[in-house]
Each structure stands twice: as C-alpha cells, then as structure tokens.
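Adding 1 to a residue's 1-based position in the sequence shown gives its number in this note's numbering. Yeah, the Cβ is synthetic: ideal placement off N, Cα and C, and Gly gets one too.
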Amino acid sequence: MTDVVIDIGAASRALEDTTPVAILRWASEHIPRLGFATGFGAEGCVIIDVIGKHQLPIDVFTLDTGLLFPETYAVWRALEAKYGITIRGVKPEQSVDEQAAAHGAALWEREPDRCCELRKVQPLTRALAGFAGWITAIRRDQTPERADAQIVERDRKFGLLKINPLVAWTHDDVWGYLYANDVPYNALHERGYPSIGCQPCTSPVVPGENLRAGRWRGTGKNECGLHVEKKA
Ligand code: SF4
C-alpha cells in the first residue's frame, strides 16, 4: 500500500507528451520503492533499456512461472548482461509439478484464470508488497481493456501507484526504438509470436490477427489479470 501523495490526474496530463525517459525519471524522483514487472515483451525491453542506460533506481523483476519459453530465459540473460543489472525472478509458491499434484495436470487447459492467479497474480501481489509504485509496459492500443490507461494511475488492485510509460506508443514506435538502440529482444518475435507468455498458453498469430490473439487462443481470455480492474 502506498503512502505517497500525488495528484495523478495532473501528473498524467503533464507527462502525456513527454518521453518514456522523462516519465521514468519523474517516477523515480517522486515515487520511492518503485518496481518494474516485465515479461520481456518488446515493450518491456524498451523500458529495461531506459532503466539500464540511465541507471534509474527501479527494481526490475519478472514472474518466472516455470513455464516460460527457452527464448524468454535467453533474452532475460542477454538484457542483464548488456545493462549490467539483475532482473529478479519471482516464483509461484508451488512448482509446476506441485501444482499438478494439488490441482491436477495442465490446470491452464481447464482453468486458465485459476492458473494465472496461482502463478502470476499471487506472486506479483507478494512481490509488490513494500513498493509504493510499479511500472508496466502496457500500450493503449493493445486491447480494449487497455484503451483508457493513463500514464499515472492509482492501482486499486494492488494499492499502489501505477506508471505506464508507453501507453501512448504504437507497435511501430516500440520496434523502431528496439532497432535504433540495438536492444535485445525475444527471438520468438521473428517466428510469428508478437505477444509471448507461458509456453502452454502462447501460439503464433497469422497476418491480420490481433497481436495478442495468440495468448490463451480459443478460451475467450486475453489478460492474465494483472492489469484489469473493476471500475469503481
Ligand atoms: S499463462 Fe497459462 S500457464 Fe501461464 S500462468 Fe496463465 S494459465 Fe498458467
């Protein structure tokens, strides 16, 4: 729970036409105990580049569900090496085998929301305890649920301030930045995977599909529950 007092509407408006560097600098100057949870998507790699290049005091971590692609573990190590930073792996309470013993095999096929709750939402909730704010890499044009995201928000789900430095960026903005700055990114992006999560729940997309269509394909689910809140 945060005790930091900020006029989030005014801050969001003031930062709207600035850059991710300016937003992250502002956040690290105004919000103590700031964390960045990354899944090493293209957007997350942009933010890690900014944090690493500018040595911003932001604790970078990832939710290591135990079900990530080898390519995801590879880009994790490449980013740490390039920027000289440590990206903490936050694990669920149960290993994949322990979860299978407790809830049955392949919970993701039967109850993906429950699986995400156990392997992502609960570990993130524990990881965010003690932080005043957290950074995400969401963009407004990724899903209808993200269309109203602001640069600075109050995250009622976790009781924190939430900073979204890339909300106004497009897919092309992100890739232009990665190429221009020689930022490491997940090799699966070049094999038809624009959005990458756990192996069992991620498939490639075909031209014309929504960029997140390969996540939980055929289930009607398109969020892991980390960024969606019920409106007050
Ligand atoms: S993305 Fe799939 S495997 Fe990963 S936590 Fe969610 S349901 Fe489980």
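- Beta-bridge partners of aspartate 156 (DSSP): Leu161.
- Between isoleucine 59 and leucine 35, the CB-CB gap stays under 7 Å.
- Distance between glycine 45 and proline 195, taken at the CA atoms: about 13 Å.
- Between lysine 163 and aspartate 174, the C-beta gap is not smaller than 7 Å, which leaves the two residues out of contact.
- Taking non-hydrogen atoms of the ligand SF4 into account, the C-beta of threonine 39 is found less than 6 Å away from none of them.
- Counting only the Cα atoms, glutamate 72 lies some 25 Å from threonine 220.
- In this structure, the beta-carbon distance from valine 91 to proline 124 falls below 7 Å.
- Counting along the chain, the unbroken beta strand (DSSP E) around alanine 38 starts and ends at 35 to 38.
- Looking at the backbone, the Cα of threonine 19 and that of arginine 218 are separated by about 35 Å.
- Put simply, the residues with a CB less than 6 Å from any heavy atom of the ligand SF4 are Thr66, Leu68, Trp109, Pro113, Cys116, Cys117, Arg120, Lys121, Gly198, Cys199, Pro201, Cys202, Cys225, in chain order.
- A Cβ-Cβ contact shorter than 7 Å links alanine 138 with isoleucine 48.
- Here tryptophan 135 is bridged, per DSSP, to Gly36, Lys163.
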